[in-house]
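The next block holds one structure in the form of structure tokens; read it before the comments.
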Amino acid sequence: MAVIEVHDLTKRFGALTAVDHLSFAVDAGTVVGFLGPNGAGKTTTLRMLLGLVEPTEGSATICGRPYQELPDPLHRVGAVLEASSAYPGRTARNHLRIQALAGQVPSTRVDEVLDLVGLTSAARRRVGEFSLGMRQRLGLATALLCDPEILILDEPANGLDPEGVRWLRDLLHGLAGEGRTVLVSSHILAEVAQTVDSVVILNSGHLVAQSTLDELTTRAQHKVRIRTPMAERLQSALAAKGATAVLVAPDRVEVSGASAEQVGLLAAEQAIPIFETTTDGVGLEEVFFQLTAAATAKETPR
Amino acid sequence: MIRLARIEWLKLRTVRTGFSLLATSAALTALFASLEASRAGNGKYGVAPLFSASGLATVTTVTGWSMIFAAVLGVIVASGEFRHYTATLTYLATPDRRRVLVAKALAVAGAGVIFGLVSALIATGVGLIFVAGHGYHVALGTGTLVAHIAGAAVGAALFGAIGVGIGSLLRSQLAGVIGIFVWALVIESIIGGLFTSVRPYLPYTAATTLAGIKLGGAAFGPAHGLSGGSPLPFAAAAALVLGVAALLDVITVRTTLRKDVT
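Residue numbers (our numbering), protein chains in the order written: chain G, 75 to 376; chain D, 1072 to 1333.
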């Protein structure tokens, strides 16, 4: 069941269309990466989803309602939209006390989330003294304060050092393991690739792709090269399965549209010996770049 | 609404800004009350002697600073949400922005009561110390002194709410703070000096009359001490200042409050 639904969402700022007829859905209990280069429209979309920015057209709902109409919104949705949304002269603990009062949770919960994000020792320091990474952790603590079932995180890895990125990955794994729904944006696929179940890829306000990570991984391995003494027979067998197989030498077949595993299984079924398999693949990151670059090229006037 | 006002009050208590403004307001009150007291009875300045009710009241009602600084606090509290991007969290917790605006106005009005009380107690203390120093009889009754102190609290509370309206409307801390000072100390002085019949209806002047400040008493420049016109009755002055705060809030609700929080 979809808990986040974005339908035909559009936002124009004067002549600039930041988000253009965007539609996607996020199912309950899944972790979805919301990806796109800087300026793709990710933050604007998330802000429309959270009722902070008025859509020009379309709708964005959480649990079937606009965010503004959710009862106890902090208990349904936890959000991190920018690392610096805390008053610099206020201590981290007092910042969370205010949010605890807003969410009507006991102040003991403040200490729990400070501990969860590793900020207990800095609780009485002013936020203005915090590094960007510490502010990100405080943002996550704020989002988790009311124990929401849905988390919307905008570039939470920004400013984190490698150790912090690893910590964030573990935290997201933990949150996903608890059955929460997480929509996490990033402009770097690698940051979220190990955590997400599926991705929504955006470029210049348009939806470029929405797929599971497995589908994206399959796209990533775009050529498999096989050396076999029965190349012609393998070529025919692969063609019959819908893959594209080209005979590049008497003992070599180049395959696209099928993974190395699929080719291997087919060869085993047909008793075709395979002497060598190489995957001429591109990484997930490359697929991401290809998808977003293709979308950009399509839009660039010539 | 009570919970929202408590949240805003907790926000005020957990930063230094309010305390710094309170201290500045108190220090300026002490300074100006002392200056007025030291020149009382000197014909050159036109301040009546401290043994008279009007002379003593000139000193004990030097409470205009508390109103100005309460409004400055209101501007900083309201516009600071956008300056420090905390509006995002505020509106995520309470998506109804009108309720947030009213809660802020209530919290700053509460702080304004403290600003007014502290300022009025200091001014009254300075006046009484000077009176005692000269060995004069206290010319003002306790009831009048208490009424002036309570009036200062009401005036600063209402002016604090006006500050919240200005800060929410402009969203710019600098423009809001400068605007408050320029309006209260320059524009009202000029308008009040030129058109004495309009003077009682100017919002800062009306707020100061709540605290018993005579017309022109809190003005700077040509309008300072200028007589002419009658101050509004307490209820009318309070209603006028409250009306200005409400009007600013209505304009804010219909304009900037609807803007995207980006």
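Even for Gly, the Cβ is constructed at its ideal location relative to N, Cα and C.
If distances are taken between C-alpha atoms only, which option among the options comes closest to residue i?
| i | options | result |
| --- | --- | --- |
| R211/G | Q344/G, G238/G and T291/G | G238/G |
| K1175/D | I1139/D, V1248/D, T1129/D and G1238/D | G1238/D |
| L1075/D | L175/G, M208/G and L206/G | L175/G |
| S1123/D | V1173/D, V1202/D and V1253/D | V1202/D |
| S278/G | G125/G, T318/G, R86/G and M304/G | R86/G |
| C220/G | L148/G, T302/G and L83/G | L148/G |
| R121/G | P1166/D, E1079/D and G1234/D | P1166/D |
| A266/G | V282/G, R139/G and L245/G | The residue you asked about is not Ala; residue 266/G is Val in the sequence shown. Here the closest residue by C-alpha is L245/G. |
| A250/G | N232/G, D235/G and T269/G | T269/G |
| I78/G | V337/G, L225/G and V282/G | L225/G |
| G1212/D | L1240/D, T1279/D and T1131/D | T1131/D |
| L1240/D | V1324/D, A1104/D and K1285/D | V1324/D |
| P111/G | S195/G, A264/G, L193/G and T216/G | A264/G |
| R301/G | T194/G, V179/G, L281/G and P324/G | P324/G |
| H261/G | E252/G, G253/G and V274/G | V274/G |
| L214/G | A313/G, L312/G, H81/G and A160/G | A160/G |
Taking 7 Å as the limit between beta carbons, can you name the residues of its chain near residue i, skipping five residues before and five after?
| i | result |
| --- | --- |
| A1277/D | P1271, L1303, A1308, L1311 and V1312 |
| T104/G | T255, D271 and S272 |
| E306/G | L321 |
| D1331/D | none |
| L1092/D | F1140, V1143 and L1144 |
| S1301/D | P1271 |
| R171/G | S181 and V184 |
| L242/G | P230, A231 and L234 |
| T1100/D | V1133, T1134, W1136, S1137, S1190, I1193 and A1194 |
| R376/G | Note that R376/G scores a pLDDT of 38, beneath 50, so its modelled location is shaky and nothing firm can be said. |
| S1125/D | A1119 |
| A1178/D | A1076, E1079, W1080 and L1083 |
| R1087/D | none |
| L218/G | G152, V187 and L190 |
Give a yes or no on whether 9 Å exceeds the smallest Cβ distance from residue i to chain D.
| i | result |
| --- | --- |
| I224/G | no |
| P145/G | no |
| L155/G | yes |
| R171/G | yes |
| P180/G | no |
| V77/G | no |
| T165/G | yes |
| R121/G | yes |
| N168/G | yes |
| G177/G | yes |
| F159/G | Here the sequence assigns Ser to residue 159/G, which means Phe is not the residue at that position. Yes, because at least one Cβ of chain D sits closer than 9 Å to the Cβ of S159/G. |
| P162/G | yes |
| G238/G | no |
| G115/G | no |
| L124/G | yes |
Distance cutoff 9 Å, beta carbons only. Does residue i sit that close to anything in chain G?
| i | result |
| --- | --- |
| G1151/D | yes |
| V1086/D | yes |
| R1325/D | no |
| R1110/D | no |
| D1331/D | yes |
| I1078/D | yes |
| L1093/D | no |
| L1328/D | no |
| L1081/D | yes |
| R1074/D | yes |
Who are the Cβ neighbours of residue i in its own chain at under 6 Å, not counting the five residues just before and after it?
| i | result |
| --- | --- |
| T286/G | S272 |
| F1230/D | M1138, A1141, A1142 and A1278 |
| V1248/D | V1143 and V1146 |
| S1105/D | V1197 |
| T374/G | Residue placement at T374/G cannot be trusted, given a pLDDT of 47 that sits under 50; what the coordinates show is reported in the next sentence. Cβ neighbours of T374/G beyond the five flanking positions: none. |
| T117/G | D228 |
Counting only the same chain and skipping the five closest in sequence on each side, list residues whose C-beta sits under 8 Å from that of residue i.
| i | result |
| --- | --- |
| L144/G | I136, C137, R150 and V151 |
| R198/G | T165, A166 and R167 |
| H1205/D | L1121 and F1122 |
| T1161/D | E1152 and V1171 |
Can you tell me the Cβ-Cβ gap for residue i and residue j, rounded? I've got them flagged as a contact below 8 Å.
| i | j | result |
| --- | --- | --- |
| T1129/D | G1187/D | The Cβ separation is near 18 Å, so there is no contact. |
| L257/G | F362/G | Rounded, the Cβ-Cβ distance is 17 Å, inconsistent with contact. |
| T1085/D | N168/G | 4 Å |
| L83/G | A134/G | 6 Å |
| L276/G | G115/G | 6 Å |
| F98/G | Q284/G | 5 Å |
| A76/G | V106/G | Contact doesn't hold; Cβ gap of about 11 Å is too wide. |
| V329/G | V298/G | 4 Å |
Below 9 Å between beta carbons is the criterion; list the residues of the segment 1154–1188 of chain D that meet it against any residue of chain G, in chain order. H1155, Y1156, T1157, A1158, T1159, L1160, T1161, Y1162, L1163, A1164, T1165, P1166 and D1167
Along the segment 207–224 of chain G, what residues have a CB closer than 8 Å to any CB found in chain D? T216
Listed from N- to C-terminal order along the chain, which residues in the segment 1222–1242 of chain D have their beta-carbon within a distance smaller than 7 Å of any beta-carbon of chain G? Residues: none.
Scan the segment 186–203 of chain G for residues whose Cβ lies nearer than 9 Å to a Cβ of chain D and list them as they occur along the chain. none
Output needed in chain order: residues of the segment 127–144 of chain G with a Cβ under 7 Å from some Cβ in chain D. V127, E128, Y141 and Q142
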